[in-house]
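So the numbering used here is basically just the index in the sequence shown, starting at one, shifted up by 13.
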Amino acid sequence: MKEYEIYSLRCLDRMNPKGIDQTPCFSWKLKSTQKDTYQKYYSIKVWRENEILWDSGNVESPCTDHILYTGPALQSGTTYQWQLTSVDSHGHRAVSEKAEITTGILEKSFWKAAWVQPVRERKPVRDVTDSGAILSGAVHSLEYPEAILDAPVYMRKEFVADKKVKKAILYMTALGIYVCEIDGHKFSNLLAPEYTAYAKHVEYQTYNITKLLEKIGPHAIGIILADGWYTGKIGLMGIGEQYGKKNAVIFQMEIQYEDGTAETICSDETVKWHTGGYVYADLFVGEYLREEGVPQKFSAPGFDDAGWEYVEKKEYGYETLCAQSIDPICCVKEIKPKLLYTPKGEAVLDAGENICGFTKFATYTEPGVEIGMEHSEILDQDGNFMQNIMGQNKNQKDRIVPAGAWTLYEPRFTFHGFRYVKITGLKEVKAEDFTICVLTSRQDKTGSFRCSDERLNQLQDNIYRSQQGNMVCIPTDCPQRERAGWTGDMGVYAPTAVFNMDMQSFLCRWLSDMRIEQHVDGQIPQVVPDIDSNKYVGGNTGDPHISSAGWGDACVLVPYAIYRAYGNTDILKENYQMMKAWMDYVEAKAGVDLLGWGKLFHFGDWLIPSIVASTHKPIETALRTKEEMALGYMVYVADCMKKIAELLGKTKDSLHYRMLCQRGKDVFCREYVTEDGCMRQSLQGLYVMALSQNMLTEKQRQGAVKRLADLIHENGDSLDTGFLSVPFLLDVLCENGEAKTAYRVLFQQKRPGWFYALQFGATTIWENWAAILPEGTRTNSSYNHFAFGCVGDFIYRRIGGLQMEEAGYKKVRINPDYSCGLKWAKTEYDSVQGRISVHWKKEEDTIYLEVLLPPNVTGIVHVKEKQIEIGNGRYSWTIEQQI
């Protein structure tokens, strides 16, 4: 390693982004072999071809993140290079590799193409709207969904490039999902254009197609357009046409020739369409492909399209269009599955882990004999295939009718949440013929944790895998049943999320959709992007109150978690009006006495294990806890808002939220807590909420801590907290003298607890603590829900010992809890500053501690009773313990 190095060059929080339409901002990370190193100054240069467009000059600053470009205006569809020079406090000079930026369409007036769509009648939507019937399991997916689903369409247009092409850029998007190819070469992103709040936010993709047009002469662009999120059967209810009744596409090709001339090829009324091999293709249901109907070489020039029809132009406009702002969905891992035969004789592939993705194959087939691939997360108690996802249009089954004796198949318009795949229609199933592709929106892994207890390591793996499988376009609750952006899930999980992955651009896009979806009265929908069918989940009562404490609060909690992790106040500025409007709504409903907020519907401490087990009605957890949790979260979020307003220089707002926070504490104590600290309901989560937000007097605190500990012990040293309180549980115990109780809860193998699922081979985090009952009965839960993985944040801070002292990890506190029961632990985090590592191990009565901090970062290290201030660099301590 060199003495001083630059790595991880990013623009707009992405590496070499393609098709940006925002002003670039630059970031980088540093490494150094010397202690007490900080960046003294930097300089950035930007090139267009061989011309220097902008030189920042030497800027004296330690800042390495979100440096704004201030050079001449950039041009649409242009590739730029940039390079960084950094000089450290010891005089070492580091020069980075060159990185690239490609711009998209920078002005709406640049668009010339027309939206086009096939002229056809779609099948009427007859989906069930009775949520009670769906949630009870009375409604099932159709065995033959072709009765209700429409076929994707093939579209094509020929054009001529009659001169040598210097550069060709294609801009493209759809209301639906598209696959694009030119002259038979596929090149488009997976599941493009992805899922956003389509009514006001549709992202287009930018492709460099220069190499595809090297041949002088005729060419053809071919498109397959499917329902996707726009018209497909999406959400919990599985109801179609949530954004519109028809799919459409738009593309614009900008060609520059070597002789200096240029040409634009657009989607227009000359595009032709036809149906083909796909009988249907739905994100949730799956695909049905009959190969004999595939129009071979339809994207090649000279294809006979005499029987095809012309599209119609539509005036959908360009106002909703913007460049893709996150890295595209991609296959991050390929798994070769194992083959097993169930007691019923079913041929089932086992991926070995619960994932989000699809199954592809290359194998010998019988022409005309349908092959089925049905996906599920679990096997039943006897080891037979079991479809655990209930509801309508949740088939998760791909069907292929081969045309030949050898078939290669890869899904294009669907994905599934699964571990197991039941194969039908093949005379002989060979595992080696199948490949399982793991999908996610690409995000760099930034955090890791390992320790001496393999159960805790497996838990961390499960946390990460659930996060990876639920970060496809938006942060989803699960990758099979709903794939919905439930706000409460990310609200509780965000601190863990931003440790495990670089989530900046991904969550910023989701928050932009949250701003779009916010109601005029300030309410935040429970799901973002919001869809009309969500109204049926609550019975379609017409109640104007559609938000919930803890869920709507994500509009504050998620931006604040992003700021804390990355240190950039821009995220707070962008979302402040949304946050404030939400808090205005909360306060208006709370009234003068602050109690009105809790009288409305809220999910409360959702899924408290004991209540769910005794009533079999999850809604009871909401009805019993909504008042206390609504007020408790008002206090929690008001405190966050106080800090945010202060950071943004909004002194008046900060004072207002400080006073609201204190008023909320006073009302909580008066209404829900006795003088000796007893809650009006003996529920762990209510005590946790009161203690976590410091709402109690000292006398009440002491009584509440004792009662909480008693409740845990009475429950067999197991948790009984719900959705909103579980993130605080272990910290509350540790901070109130009950660390031993906290670790008994964490390491508990009985249900409910984090290790319970491991005994059943769980590879992801479950939605329900009792998704599998002790005797082995499987339930219709989701087996891939990241929310309860929020315990990761506690593990990294308390056991790992890596604690953030200043936003962006500019200053850290190293304070592992050596009494946690482990022999060693190692925590690493690739922060916006650089890599931070904490490694400790115990050998008899001696502790060995190693710490690594990157340039620009300082730390406080706890060594016995001392707190030692350090700069960056590598440090080690030998700590003798008293026995």
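The beta carbon of each residue, even a glycine, is placed where N, CA and C say it ideally should be. Since the model is a prediction, treat every value here as computed from it, not as a measurement.
The beta carbon of Glu818 sits closer than 8 Å to the beta carbons of Lys824, Val825, Arg826, Gly872 and Ile873 from its chain, once the five residues preceding and following it are set aside; these are given in chain order. Annotation: Glu441 is outside any beta strand (DSSP E) and is labelled neither H nor E by DSSP. For Lys663, the closest of Lys586, Ile487 and Ser623 by C-alpha to C-alpha distance is Lys586.
About 6 Å separates the beta carbon of Gly847 from that of Lys44, a gap short enough to meet the 8 Å contact definition. For Arg494, there is no enclosing beta strand (DSSP E), as DSSP gives it neither H nor E. The region 46-66 makes contact with the region 78-86; the number of CB pairs closer than 8 Å reaches 3 or more.
By the criterion of a C-beta distance shorter than 8 Å, Thr333 is surrounded in its chain by Tyr211, Ala212, Lys213, His214 and Val215, once the five residues flanking it on both sides are discounted. Per DSSP, the unbroken alpha helix (DSSP H) holding Arg683 starts and ends at Thr664 to Tyr685.
With a contact defined as Cβ atoms closer than 8 Å, Ala507 and Leu570 qualify at about 6 Å.
Put simply, the backbone Cα of Lys15 is about 21 Å away from that of Arg23. For Thr628, the enclosing alpha helix (DSSP H) stretches over residues Pro622 to Thr628. Excluding its 5 nearest sequence neighbours in each direction, Glu366 has C-beta neighbours in its own chain below 7 Å: Arg432, Arg478 and Thr776, listed in chain order. The region 334-349 and the region 439-458 touch, with no fewer than 3 CB-CB distances between them shorter than 8 Å.
In terms of Cβ geometry, Ile559 and Pro538 form a close pair [threshold 8 Å]. About 6 Å separates the beta carbon of Val485 from that of Ser454, a gap short enough to meet the 8 Å contact definition. The beta carbon of Leu204 is closer than 6 Å to those of Ile190 and Ile342 in its chain, skipping five residues each way along the sequence.
The beta-bridge partner set that DSSP reports for Lys823 is empty. By the C-beta criterion, the region 306-318 is judged to be in contact with the region 159-171, since at least 3 inter-stretch pairs fall below 8 Å. By the neighbour-count criterion, in which a residue is buried when 16 or more other Cβ atoms sit within 10 angstroms of its Cβ, Asp556 is exposed. Along the region 316-397, the alpha helix (DSSP H) does not occur as any fully enclosed run of 4 or more residues. In the DSSP assignment, Gly235 falls within the unbroken beta strand (DSSP E) covering Gly230 to Ala239. Counting only the Cα atoms, Leu866 lies some 51 Å from Asn397. Tyr167 is positioned such that its CB atom lies closer than 8 Å to that of Gly289.
Relative to Thr500, the option among Thr437, Phe736, His726 and Lys678 whose CA is nearest is Phe736. Glu113 is not a Cβ neighbour of Thr98, given a cutoff of 8 Å. Note that the region 231-241 touches the region 284-302; at least 3 beta-carbon pairs, one per stretch, sit closer than 8 Å.
Under a 10 Å Cβ-count criterion, Trp779 is classified as buried, with 16 or more other Cβ atoms of the shown protein chains found around its own Cβ.
In this structure, DSSP gives Val739 a helical state, which the three-state scheme calls helix. A check of alpha carbon separations from Gly248 across Gly404, Glu62 and Glu863 identifies Gly404 as the nearest. The residue among Thr734, Ser518 and Glu751 with its C-alpha nearest the C-alpha of Pro30 is Ser518. When beta bridges are read from the DSSP output, Cys521 appears opposite no residue. Counted as a single uninterrupted DSSP element, the beta strand (DSSP E) harbouring Glu841 occupies residues Trp837 to Asp843. Less than 8 Å separates the beta-carbon of Thr219 from that of Gly117. Taking a cut-off of 8 Å for Cβ pairs, the region 563-583 and the region 631-641 do not touch, as fewer than three such pairs fall below it.
Asn749 and Leu815 have their C-alpha atoms roughly 20 Å apart. Under the 8 Å Cβ criterion, the region 151-162 does not count as touching the region 180-197, having fewer than three qualifying pairs.
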